[in-house]
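K.L.:
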Amino acid sequence: MFKQGFLWVIRFIVGGLFIFSGLIKVNDPVGTAIKLEEYFDVFSNDIAGFFIYLKPFALELGIFLVVVEVVLGVMLILGVKSRFTVWALGLMILFFTFLTFYSAYFNKVTDCGCFGDAIKLTPWESFYKDLILLVLISILFLFQLDLPNTSPKWAKGVTVAALVMSFVLAIMAVRNLPFIDFRAYKIGVNIPQNMQPSSPLQYSYVMKKGGELVVFDQYPSDESLEFVEMNLKNPDALPKISDFAVWNEDGDFSEEVFTGNKLLILVSSMAKVSDSNLDRIDQLVKSLKDSPVQAVFVAAASQEEIQNFTKSRGWDVLSLQADATVVKTMIRSNPGILVLKNGEVLGKYHHNNTPEASEIIDLYIK
């Protein structure tokens with residue numbers, strides 16, 4: 100009886116974590132794909148060149164992984180095909196543990212994306228989390244003969260429902276935007292304020308004196324002390340946004356973007372930009388021409404590429420460059436639309452949901 104209860108607790112913890120992690124990433128499969136692309140880049144350089152050929156399939160692989168996480172978690176808790184589930188979870192956690200160890204030890208990918216953008220873990224925290232899960236799943240593996248051999252029909256029905264629901268939600272999130280936005284550019288956020296510390300940053304100073312280390316809250320005036328390192332005491336106060344910048348050949352335009360009413364048309368990759376709704380964006384740009392809202396084109400591309408693109412679309416707008424990672428963080432759509440008022444995010448749109456000019460104007464009236 101004790102053994103069964105103990106195994107049930109482990110099943111609930113492991114299954115619950117996989118469901119939680121999977122659902123967070125089902126909310127944002129594009130973010131998972133971006134993270135996979137980072138890993139493929141690193142592995143193609145450090146391990147084997149063939150990983151680079153997986154990059155074009157990052158989104159499909161991301162959707163598969165997040166759906167499998169949810170389904171296996173449900174199967175483990177409900178006791179559906181327990182032995183298969185334990186084997187599948189074991190192989191998956193071995194893969195994840197390798198990823199997080201490699202990231203932590205070699206400092207390659209500083210955020211594993213284990214819980215999407217909802218919960219940020221350091222590389223070593225991610226590794227220790229996976230190590231604990233590996234131990235728990237190993238216990239289930241050792242006692243797999245004590246796990247349920249059969250499951251009721253309703254449990255299998257719930258598993259199928261979880262599979263269908265997770266897949267449908269993932270596709271909807273890809274074709275629109277994440278249902279819940281955990282990033283620093285979500286609606287209601289003031290971007291320039293998020294670029295400032297939430298409170299004064301405090302540091303401690305480690306100095307060496309006579310072979311001993313001494314820590315000071317203020318930098319000491321004693322010149323006989325040897326400086327060792329400076330540590331931030333309140334990292335939670337760091338700016339949530341530290342890398343935003345937009346520019347062109349005339350200089351930095353970040354402050355200009357944060358002034359007045361702006362509609363940013365964002366492109367993270369000119370090579371991958373979707374043309375399925377560009378005609379609707381054309382009409383939006385044209386309709387805003389004489390309105391109090393200024394359209395701005397921001398792309399992770401060269402100035403020549405940007406000029407060629409805007410000329411081909413007939414857009415007479417301010418055109419700016421930006422970092423691809425920043426643009427991908429701002430919006431999970433290529434192209435995408437971000438509506439700002441003095442730097443505050445009023446609205447975000449996938450190109451599939453390109454709004455009418457009247458809808459944009461209404462955002463400023465509310």
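Just so we're aligned: 251 in the numbering used here is position 152 of the sequence shown, and the numbers increase by one with no gaps anywhere. Even for Gly, the Cβ is constructed at its ideal location relative to N, Cα and C.
(1) Could you pull out every residue in the same chain whose Cβ sits closer than 6 Å to the Cβ of Val288, ignoring the five residues on either side in sequence?
(2) Check Ala394 in the structure and name its three-state DSSP category.
(3) Out of Phe242, Lys339, Leu387, point me to the one whose CA is closest to Lys219's CA.
(4) On the three-state DSSP scale, how would you describe Gly178?
(5) Looking at the structure shown, is Phe278 part of a helix, part of a strand, or coil, going by DSSP?
(6) Since Met329 is in the beta strand (DSSP E), which residue starts that stretch and which ends it?
(7) Using DSSP bridges, identify the partner residues of Phe315.
(8) Consult DSSP for Gln295 and reduce its assignment to one of helix, strand or coil.
(9) If we ignore side chains and look at the alpha-carbon of each, how far apart do Pro291 and Thr453 end up?
(10) Could you tell me whether the Cβ atoms of Asn441 and Pro391 are closer together than 9 Å?
(11) Starting from Asn360 and walking both ways along the beta strand (DSSP E), at which residues does that stretch end?
(12) Please state whether DSSP places Leu337 in a helix, a strand or coil.
(13) Please classify Val234 as buried or exposed, where buried requires at least 16 other C-beta atoms within 10 Å of its C-beta.
(14) Provide the residue(s) that pair with Gln243 in DSSP beta bridges, ordered along the chain.
(15) Taking the alpha helix (DSSP H) that Gly446 falls in, what are its first and last residues?
(16) If you follow the alpha helix (DSSP H) that Ile218 is in, where does it begin and where does it stop?
(17) Does DSSP put Ile109 in a helix, a strand or coil?
(18) So, with DSSP's three-state summary, where would you put Val438?
(19) Less than 9 Å between the C-beta atoms of Ile192 and Asp145, yes or no?
(20) Consult DSSP for Trp223 and reduce its assignment to one of helix, strand or coil.
(21) Where do the N-terminal and C-terminal ends of the alpha helix (DSSP H) with Leu377 fall, by residue?
(22) Return the CA-CA distance between Lys154 and Asp316, expressed in angstroms with no decimal places.
P.N.:
Based on what the coordinates show:
(1) Val444
(2) strand
(3) Lys339
(4) coil
(5) coil
(6) 325-331
(7) Tyr304
(8) Note: Gln295 maps to coil in three-state DSSP.
(9) Just so you know, the alpha carbons of Pro291 and Thr453 end up roughly 25 Å apart.
(10) no
(11) Segment 360-366, the beta strand (DSSP E) holding Asn360.
(12) Correct three-state label for Leu337: coil.
(13) Burial is judged here by how many other beta carbons sit within 10 angstroms of a residue's own beta carbon; Val234 has fewer than 16 and is exposed.
(14) For Gln243, which the question treats as bridged, DSSP gives no partner whatsoever.
(15) Looking at the DSSP string, Gly446 is not in any alpha helix (DSSP H); the run it does join, the beta strand (DSSP E), is 443-449.
(16) Where Ile218 is concerned, there is no enclosing alpha helix (DSSP H), because DSSP gives it neither an H nor an E.
(17) helix
(18) Note: Val438 maps to strand in three-state DSSP.
(19) no
(20) helix
(21) 377-386
(22) 47 Å
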